[in-house]
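Residue numbers (the UniProt record's numbering): 1 to 320.
Note that CB positions come from ideal geometry on N, CA and C, so glycine has one too.
Take a look at the structure set out below.
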(Lines of atoms letter the chains of each structure in order from A and count residues from 1; the text may use other names and numbers.)
(Lines give C-alpha, C1' and ligand atoms only; values in the text may rest on other atoms or scores of the structure.)
Protein backbone atom coordinates (compact mmCIF):
# COMPACT_ATOMS: atom_id res chain seq x y z
CA UNK A 1 0.00 0.00 0.00
CA UNK A 2 1.37 3.40 -0.93
CA UNK A 3 2.01 5.57 2.15
CA UNK A 4 0.67 8.58 0.22
CA UNK A 5 -2.86 7.30 0.73
CA UNK A 6 -4.08 8.99 3.91
CA UNK A 7 -6.29 6.98 6.27
CA UNK A 8 -5.82 9.31 9.22
CA UNK A 9 -8.27 12.12 8.36
CA UNK A 10 -11.86 12.48 9.54
CA UNK A 11 -14.47 10.29 7.86
CA UNK A 12 -17.04 13.09 7.71
CA UNK A 13 -16.26 16.77 7.43
CA UNK A 14 -19.15 19.07 8.30
CA UNK A 15 -22.26 18.34 6.24
CA UNK A 16 -20.41 17.08 3.17
CA UNK A 17 -20.35 13.43 2.17
CA UNK A 18 -17.03 11.60 2.30
CA UNK A 19 -15.12 12.04 -0.93
CA UNK A 20 -13.00 8.92 -0.39
CA UNK A 21 -11.71 8.09 -3.90
CA UNK A 22 -13.18 11.09 -5.76
CA UNK A 23 -10.15 13.35 -5.55
CA UNK A 24 -7.81 10.45 -6.25
CA UNK A 25 -9.49 9.77 -9.61
CA UNK A 26 -10.42 13.38 -10.42
CA UNK A 27 -14.16 12.77 -10.11
CA UNK A 28 -16.77 15.34 -9.15
CA UNK A 29 -19.27 12.85 -7.68
CA UNK A 30 -19.72 9.14 -7.07
CA UNK A 31 -20.26 7.51 -10.47
CA UNK A 32 -21.80 4.32 -9.12
CA UNK A 33 -24.22 5.35 -6.40
CA UNK A 34 -27.18 3.03 -5.89
CA UNK A 35 -29.52 6.00 -5.54
CA UNK A 36 -31.38 6.56 -8.86
CA UNK A 37 -30.21 9.77 -10.52
CA UNK A 38 -31.70 10.92 -13.85
CA UNK A 39 -28.40 12.63 -14.64
CA UNK A 40 -26.77 9.21 -14.99
CA UNK A 41 -29.50 7.67 -17.16
CA UNK A 42 -27.87 5.26 -19.61
CA UNK A 43 -29.67 4.20 -22.75
CA UNK A 44 -28.62 0.73 -23.82
CA UNK A 45 -30.33 -0.64 -26.92
CA UNK A 46 -32.56 -2.79 -24.73
CA UNK A 47 -33.53 0.17 -22.53
CA UNK A 48 -34.36 2.21 -25.63
CA UNK A 49 -36.63 -0.57 -26.87
CA UNK A 50 -38.28 -1.00 -23.49
CA UNK A 51 -38.97 2.71 -23.27
CA UNK A 52 -40.27 2.75 -26.84
CA UNK A 53 -42.76 0.04 -25.86
CA UNK A 54 -43.84 2.13 -22.85
CA UNK A 55 -44.46 5.16 -25.06
CA UNK A 56 -46.14 3.01 -27.69
CA UNK A 57 -48.51 1.64 -25.08
CA UNK A 58 -49.42 5.11 -23.85
CA UNK A 59 -49.83 6.67 -27.29
CA UNK A 60 -51.93 3.81 -28.70
CA UNK A 61 -54.13 3.63 -25.59
CA UNK A 62 -53.12 0.03 -24.95
CA UNK A 63 -55.28 -1.44 -22.17
CA UNK A 64 -52.28 -3.12 -20.51
CA UNK A 65 -48.57 -2.61 -21.15
CA UNK A 66 -46.09 -4.90 -19.40
CA UNK A 67 -42.36 -4.41 -18.77
CA UNK A 68 -40.40 -7.16 -17.02
CA UNK A 69 -36.79 -7.65 -15.99
CA UNK A 70 -34.55 -8.89 -13.20
CA UNK A 71 -34.12 -6.95 -9.96
CA UNK A 72 -31.89 -3.96 -10.67
CA UNK A 73 -32.28 -4.11 -14.46
CA UNK A 74 -33.44 -0.48 -14.66
CA UNK A 75 -37.22 -0.90 -14.90
CA UNK A 76 -38.08 1.66 -12.24
CA UNK A 77 -35.64 4.13 -13.78
CA UNK A 78 -37.54 3.87 -17.07
CA UNK A 79 -40.84 4.45 -15.29
CA UNK A 80 -39.53 7.58 -13.58
CA UNK A 81 -38.28 8.87 -16.94
CA UNK A 82 -41.73 8.24 -18.40
CA UNK A 83 -43.37 10.12 -15.53
CA UNK A 84 -41.17 13.16 -16.18
CA UNK A 85 -42.17 13.19 -19.86
CA UNK A 86 -45.93 12.74 -19.58
CA UNK A 87 -47.77 16.00 -20.13
CA UNK A 88 -50.76 17.53 -18.35
CA UNK A 89 -53.17 15.65 -20.61
CA UNK A 90 -52.34 12.45 -18.73
CA UNK A 91 -53.43 11.77 -15.15
CA UNK A 92 -51.03 9.25 -13.61
CA UNK A 93 -51.34 7.05 -10.55
CA UNK A 94 -48.29 5.13 -9.31
CA UNK A 95 -48.70 2.14 -7.01
CA UNK A 96 -45.55 0.47 -5.65
CA UNK A 97 -45.36 -2.90 -3.98
CA UNK A 98 -49.10 -3.51 -3.70
CA UNK A 99 -50.25 -6.57 -1.76
CA UNK A 100 -53.99 -6.13 -1.57
CA UNK A 101 -57.21 -8.11 -1.37
CA UNK A 102 -60.36 -7.27 -3.27
CA UNK A 103 -61.56 -3.83 -2.24
CA UNK A 104 -58.24 -2.91 -0.66
CA UNK A 105 -56.63 -2.87 -4.11
CA UNK A 106 -59.25 -0.45 -5.39
CA UNK A 107 -58.54 1.79 -2.39
CA UNK A 108 -54.86 1.81 -3.39
CA UNK A 109 -55.86 2.73 -6.95
CA UNK A 110 -58.03 5.65 -5.82
CA UNK A 111 -55.35 6.82 -3.41
CA UNK A 112 -52.74 6.75 -6.19
CA UNK A 113 -55.07 8.89 -8.30
CA UNK A 114 -55.49 11.39 -5.47
CA UNK A 115 -59.06 10.40 -4.65
CA UNK A 116 -59.93 10.11 -0.93
CA UNK A 117 -62.09 7.22 0.22
CA UNK A 118 -64.23 6.79 3.31
CA UNK A 119 -63.07 3.94 5.60
CA UNK A 120 -66.58 2.50 5.68
CA UNK A 121 -67.06 2.56 1.88
CA UNK A 122 -67.92 -0.85 0.41
CA UNK A 123 -66.64 -2.19 -2.91
CA UNK A 124 -69.63 -0.96 -4.90
CA UNK A 125 -69.12 2.58 -3.58
CA UNK A 126 -65.39 2.44 -4.32
CA UNK A 127 -65.98 1.21 -7.86
CA UNK A 128 -68.59 3.91 -8.43
CA UNK A 129 -66.14 6.58 -7.25
CA UNK A 130 -63.45 5.17 -9.55
CA UNK A 131 -65.79 5.06 -12.54
CA UNK A 132 -66.99 8.62 -11.97
CA UNK A 133 -63.40 9.84 -11.68
CA UNK A 134 -62.12 8.37 -14.94
CA UNK A 135 -65.26 9.45 -16.83
CA UNK A 136 -64.77 12.99 -15.52
CA UNK A 137 -61.12 12.89 -16.63
CA UNK A 138 -62.18 11.73 -20.08
CA UNK A 139 -64.73 14.55 -20.32
CA UNK A 140 -61.93 17.02 -19.56
CA UNK A 141 -59.75 15.57 -22.33
CA UNK A 142 -57.36 13.66 -20.07
CA UNK A 143 -56.51 9.99 -20.11
CA UNK A 144 -55.79 8.02 -16.94
CA UNK A 145 -52.67 5.85 -16.68
CA UNK A 146 -52.20 3.60 -13.67
CA UNK A 147 -48.67 2.25 -13.13
CA UNK A 148 -47.98 -0.73 -10.88
CA UNK A 149 -44.33 -1.22 -9.91
CA UNK A 150 -43.31 -4.61 -8.47
CA UNK A 151 -46.43 -6.00 -10.12
CA UNK A 152 -45.20 -9.58 -9.70
CA UNK A 153 -46.56 -9.29 -6.15
CA UNK A 154 -50.14 -9.09 -7.45
CA UNK A 155 -51.96 -12.41 -7.26
CA UNK A 156 -54.40 -13.80 -9.81
CA UNK A 157 -57.45 -12.18 -8.22
CA UNK A 158 -55.76 -8.77 -8.10
CA UNK A 159 -54.72 -8.97 -11.76
CA UNK A 160 -58.23 -10.04 -12.73
CA UNK A 161 -59.64 -7.09 -10.78
CA UNK A 162 -57.34 -4.72 -12.65
CA UNK A 163 -58.43 -6.24 -15.95
CA UNK A 164 -62.03 -5.56 -15.02
CA UNK A 165 -61.16 -1.92 -14.31
CA UNK A 166 -59.86 -1.56 -17.87
CA UNK A 167 -63.28 -2.61 -19.18
CA UNK A 168 -64.67 0.81 -18.30
CA UNK A 169 -64.66 2.63 -21.63
CA UNK A 170 -66.39 5.33 -23.62
CA UNK A 171 -67.26 4.59 -27.22
CA UNK A 172 -64.05 3.11 -28.64
CA UNK A 173 -61.68 4.86 -26.21
CA UNK A 174 -59.95 3.18 -23.29
CA UNK A 175 -60.56 5.27 -20.17
CA UNK A 176 -57.93 3.48 -18.09
CA UNK A 177 -54.54 2.25 -19.19
CA UNK A 178 -52.44 -0.04 -17.02
CA UNK A 179 -48.65 -0.26 -17.03
CA UNK A 180 -47.42 -3.30 -15.11
CA UNK A 181 -43.73 -3.42 -14.22
CA UNK A 182 -42.22 -6.39 -12.47
CA UNK A 183 -39.78 -9.25 -12.23
CA UNK A 184 -39.68 -12.13 -14.76
CA UNK A 185 -42.31 -14.21 -12.97
CA UNK A 186 -44.87 -11.61 -14.05
CA UNK A 187 -44.32 -12.85 -17.61
CA UNK A 188 -45.34 -16.34 -16.60
CA UNK A 189 -48.87 -15.08 -15.93
CA UNK A 190 -49.40 -14.74 -19.68
CA UNK A 191 -48.96 -18.49 -20.19
CA UNK A 192 -51.51 -19.60 -17.61
CA UNK A 193 -54.78 -20.95 -19.08
CA UNK A 194 -56.84 -19.32 -16.32
CA UNK A 195 -55.42 -15.90 -17.27
CA UNK A 196 -56.39 -15.99 -20.94
CA UNK A 197 -58.72 -12.98 -20.67
CA UNK A 198 -56.02 -10.97 -18.92
CA UNK A 199 -53.43 -11.94 -21.54
CA UNK A 200 -55.72 -10.77 -24.33
CA UNK A 201 -55.72 -7.28 -22.80
CA UNK A 202 -51.91 -7.05 -22.83
CA UNK A 203 -51.31 -5.09 -26.02
CA UNK A 204 -47.61 -4.32 -25.55
CA UNK A 205 -44.88 -6.03 -23.54
CA UNK A 206 -41.11 -6.15 -23.33
CA UNK A 207 -38.61 -8.12 -21.25
CA UNK A 208 -35.55 -6.10 -20.29
CA UNK A 209 -32.51 -8.41 -20.46
CA UNK A 210 -29.26 -8.02 -18.56
CA UNK A 211 -26.45 -6.13 -20.31
CA UNK A 212 -23.91 -8.01 -22.39
CA UNK A 213 -20.19 -7.46 -21.89
CA UNK A 214 -19.81 -4.63 -24.40
CA UNK A 215 -22.83 -2.82 -22.99
CA UNK A 216 -21.39 -3.13 -19.48
CA UNK A 217 -18.24 -1.43 -20.80
CA UNK A 218 -20.26 1.42 -22.30
CA UNK A 219 -22.37 1.70 -19.14
CA UNK A 220 -19.30 2.03 -16.91
CA UNK A 221 -17.67 4.51 -19.28
CA UNK A 222 -20.84 6.60 -19.45
CA UNK A 223 -21.26 6.87 -15.69
CA UNK A 224 -17.60 7.75 -15.23
CA UNK A 225 -17.86 10.50 -17.83
CA UNK A 226 -20.92 11.99 -16.14
CA UNK A 227 -18.99 11.96 -12.86
CA UNK A 228 -16.13 13.93 -14.39
CA UNK A 229 -13.68 11.25 -15.51
CA UNK A 230 -11.59 12.18 -18.53
CA UNK A 231 -10.66 8.60 -19.41
CA UNK A 232 -11.87 5.05 -18.84
CA UNK A 233 -10.83 4.00 -15.34
CA UNK A 234 -11.46 0.27 -15.84
CA UNK A 235 -9.30 -1.89 -18.11
CA UNK A 236 -10.71 -4.60 -20.37
CA UNK A 237 -10.03 -7.42 -17.92
CA UNK A 238 -11.77 -5.48 -15.14
CA UNK A 239 -14.86 -5.00 -17.32
CA UNK A 240 -14.92 -8.70 -18.22
CA UNK A 241 -14.68 -9.71 -14.56
CA UNK A 242 -17.43 -7.25 -13.62
CA UNK A 243 -19.75 -8.53 -16.33
CA UNK A 244 -19.18 -12.15 -15.30
CA UNK A 245 -19.64 -11.50 -11.59
CA UNK A 246 -22.77 -9.36 -11.95
CA UNK A 247 -24.48 -11.05 -14.87
CA UNK A 248 -24.78 -7.61 -16.47
CA UNK A 249 -27.41 -6.35 -14.01
CA UNK A 250 -26.94 -2.54 -13.70
CA UNK A 251 -27.50 -2.33 -9.94
CA UNK A 252 -24.94 -5.08 -9.31
CA UNK A 253 -22.51 -3.46 -11.73
CA UNK A 254 -22.79 -0.27 -9.68
CA UNK A 255 -22.07 -2.11 -6.44
CA UNK A 256 -19.01 -3.91 -7.76
CA UNK A 257 -17.59 -0.87 -9.59
CA UNK A 258 -17.90 1.26 -6.47
CA UNK A 259 -16.04 -1.31 -4.39
CA UNK A 260 -13.39 -1.71 -7.09
CA UNK A 261 -12.72 2.04 -7.06
CA UNK A 262 -12.33 1.89 -3.27
CA UNK A 263 -9.80 -0.94 -3.61
CA UNK A 264 -7.91 0.89 -6.36
CA UNK A 265 -7.77 3.96 -4.13
CA UNK A 266 -6.36 1.99 -1.19
CA UNK A 267 -3.63 0.65 -3.49
CA UNK A 268 -2.96 4.13 -4.88
CA UNK A 269 -3.61 2.66 -8.32
CA UNK A 270 -4.33 5.04 -11.21
CA UNK A 271 -7.17 2.83 -12.45
CA UNK A 272 -9.03 -0.42 -11.83
CA UNK A 273 -7.41 -3.55 -13.27
CA UNK A 274 -8.69 -7.06 -13.57
CA UNK A 275 -6.54 -8.01 -10.61
CA UNK A 276 -8.18 -5.38 -8.41
CA UNK A 277 -11.66 -6.62 -9.29
CA UNK A 278 -10.52 -10.17 -8.53
CA UNK A 279 -9.32 -9.02 -5.10
CA UNK A 280 -12.73 -7.50 -4.37
CA UNK A 281 -14.44 -10.76 -5.33
CA UNK A 282 -11.97 -12.98 -3.47
CA UNK A 283 -12.34 -10.92 -0.28
CA UNK A 284 -16.09 -11.50 -0.31
CA UNK A 285 -17.04 -7.84 0.15
CA UNK A 286 -19.24 -7.93 -2.95
CA UNK A 287 -22.32 -9.84 -1.82
CA UNK A 288 -24.80 -8.97 -4.56
CA UNK A 289 -23.58 -11.24 -7.32
CA UNK A 290 -25.21 -14.32 -8.86
CA UNK A 291 -25.28 -17.54 -6.86
CA UNK A 292 -23.02 -19.37 -9.27
CA UNK A 293 -19.31 -19.36 -8.30
CA UNK A 294 -16.91 -17.18 -10.19
CA UNK A 295 -15.57 -19.13 -13.18
CA UNK A 296 -12.02 -20.47 -12.97
CA UNK A 297 -11.28 -18.64 -16.19
CA UNK A 298 -11.66 -15.37 -14.33
CA UNK A 299 -9.02 -16.34 -11.77
CA UNK A 300 -6.73 -17.69 -14.47
CA UNK A 301 -6.94 -14.43 -16.35
CA UNK A 302 -6.01 -12.38 -13.31
CA UNK A 303 -2.30 -13.12 -13.47
CA UNK A 304 -2.18 -11.95 -17.07
CA UNK A 305 -4.09 -8.74 -16.46
CA UNK A 306 -3.36 -7.65 -12.89
CA UNK A 307 -0.64 -5.22 -13.85
CA UNK A 308 -2.31 -3.95 -16.99
CA UNK A 309 -3.60 -0.39 -16.95
CA UNK A 310 -6.22 1.12 -19.25
CA UNK A 311 -5.42 2.84 -22.48
CA UNK A 312 -4.14 6.38 -22.46
CA UNK A 313 -6.63 9.01 -21.28
CA UNK A 314 -9.25 9.80 -23.88
CA UNK A 315 -12.38 11.85 -24.02
CA UNK A 316 -15.40 9.82 -22.89
CA UNK A 317 -18.67 10.86 -24.51
CA UNK A 318 -21.98 11.22 -22.72
CA UNK A 319 -24.72 8.83 -23.72
CA UNK A 320 -27.95 10.54 -22.80
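Taken in chain order, the whole alpha helix (DSSP H) runs of length 4 or more contained in the UniProt domain "AAA+ ATPase" (61-212) are 75-85, 104-112, 123-139, 156-165, 185-188 and 196-201. In terms of Cα proximity to residue 219, the closest of 194, 257 and 185 is 257. Ranking 70, 162 and 112 by CA distance to the CA of residue 185 puts 70 first. Rounded to the nearest whole angstrom, the CA to CA distance from residue 201 to residue 91 is 21 angstroms. The region 177-192 and the region 59-73 touch, with three or more beta-carbon pairs separated by less than 8 angstroms. Only residues of its own chain outside the window of five on either side were considered, and among them 63, 64, 174, 176, 177, 178 and 201 have a CB closer than 8 angstroms to the CB of residue 166, listed in chain order.
Between the alpha carbons of residue 47 and residue 265 lies a distance of about 32 angstroms.
Separation of residue 22 and residue 151 (C-alpha to C-alpha, rounded to the nearest whole angstrom) is 38 angstroms. For residue 25, the enclosing alpha helix (DSSP H) covers residues 22-25. With a cutoff of 9 angstroms on beta-carbon distance, residue 225 and residue 53 are scored as not near each other. In this structure, DSSP gives residue 40 a helical state, which the three-state scheme calls helix.
The shortest C-alpha to C-alpha distance from residue 207 to any of 51, 278, 263 and 154 is the one to 51. The way I'd put it, the region 273-280 doesn't touch the region 33-49; fewer than three beta-carbon pairs between them come closer than 8 angstroms. Residue pairing of residue 286 in beta bridges, as defined by DSSP: absent, with no partner found.
Distance check between residue 45 and each of 212, 129, 111 and 132 places 212 closest, using alpha-carbon atoms only. Going by beta carbons, residue 121 and residue 93 fall outside the 9 angstroms limit.
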